[in-house]
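A short worksheet on the structure shown next.
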Amino acid sequence: MDQPTPQSVRVQDGSTESFWDLEGRGLTGDGTVPGISAHLDGTEDARVFTPQLHSRLQAEGAMLHHVRGLLGSLDQPSPKDLRSAAPVWFSYRGEDVYLTDDRVTVELSAESHFSESQLPVVEATVVLHNRSTGQTPVRRTVTVAQQRQTLDLGTLPAGTYEMHVSGDERTVPLSDVLVVAEVPDEQEQESG
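In case it helps, the numbering used here puts the sequence shown at residues 237 to 428.
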């Protein structure tokens with residue numbers, strides 16, 4: 237079923253006249269609403285397809301869910317918003333898995349909108365917490381520069397660890413998870 241809609245209107249001498257086009261050119265709409273009303277200018281790439289006719293969109297569950305998500309996300313802060321609210325945030329590079337005979341090393345830097353002369357270093361606390369045992373084998377205060385630096389956290393027993401990096405009120409804290417896996421002995425490798 238097609239539900240064409242007039243695409244334009246002309247008001248002249250106190251009367252209104254509807255047209256199916258604008259100066260001989262159709263404005264493409266969705267069969268019900270002219271294109272100019274169906275999407276905002278510049279949002280053509282952000283359109284959503286739904287198989288329902290326009291007149292049924294207000295009752296289409298998938299569309300309602302999509303619109304609810306869009307509207308709900310309008311007030312959500314983005315990482316960019318959070319970073320602009322704090323002058324310093326930490327940047328981290330590390331492996332996801334280490335072996336028990338490896339030294340756990342990570343790279344850490346302090347990112348900022350300030351130049352190095354305005355904010356040369358930041359004091360931070362690095363904590364590694366073993367999720368299984370509840371122990372905290374590493375708690376270290378370090379000075380973090382804007383240039384990436386390597387931090388040696390030593391060897392650790394097998395387990396899953398939460399790593400937290402935090403600083404004073406100017407900083408945005410950082411968290412990650414890493415795993416330290418047991419190195420199988422040679423007999424286990426040969427029999428497996």
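Beta carbons are placed, not taken as given, at the ideal position from N, Cα and C, and that holds for glycine. Fair warning: this is a prediction, and the values are worked out from it, not measured in the lab.
query: In this structure, how does DSSP classify residue 298 when only helix, strand and coil are distinguished?; result: helix
query: Starting from residue 341, follow its DSSP beta bridges and name the residues at the other end.; result: 388
query: If you run the structure through DSSP and keep just helix, strand and coil, what is residue 398?; result: strand
query: Taking C-beta to C-beta, are residue 414 and residue 399 nearer than 8 angstroms?; result: yes
query: Considering Cα atoms alone, identify which of 339, 256 and 328 is closest to residue 360.; result: 328
query: If you drop the 5 nearest sequence neighbours on each side, which residues of the same chain put their C-beta closer than 8 angstroms to that of residue 419?; result: 335, 336 and 337
query: Kindly indicate which three-state DSSP category residue 355 falls into: helix, strand or coil?; result: coil
query: Leaving out five residues on either side along the sequence, give the residues of the same chain with a beta carbon under 6 angstroms from the beta carbon of residue 355.; result: 348
query: Apart from the five residues just before and just after residue 245, which ones in its own chain have a Cβ nearer than 8 angstroms to its Cβ?; result: 252, 253, 254 and 255
query: Can you give me the C-alpha to C-alpha distance between residue 370 and residue 397, rounded to a whole angstrom?; result: 10 angstroms
query: According to the Cβ coordinates, are residue 362 and residue 401 closer than 8 angstroms?; result: yes
query: What are the residues that DSSP puts in a beta bridge with residue 326?; result: 346
query: I'd like to check one pair, residue 384 with residue 351: are the Cβ atoms closer than 8 angstroms?; result: no
query: Go ahead and label residue 403 buried or exposed: buried means 16 or more other beta carbons lie within 10 angstroms of its beta carbon, across all protein chains shown.; result: buried
query: So residue 254 is in the beta strand (DSSP E); what residue range does that whole segment cover?; result: 251-255
query: Using the C-alpha atoms, what's the distance from residue 364 back to residue 330?; result: 13 angstroms
query: Which value, in whole angstroms, describes the spacing of the CA atoms of residue 406 and residue 326?; result: 11 angstroms
query: Among the candidates 342, 393 and 367, whose CA atom is the shortest distance from the CA of residue 380?; result: 342
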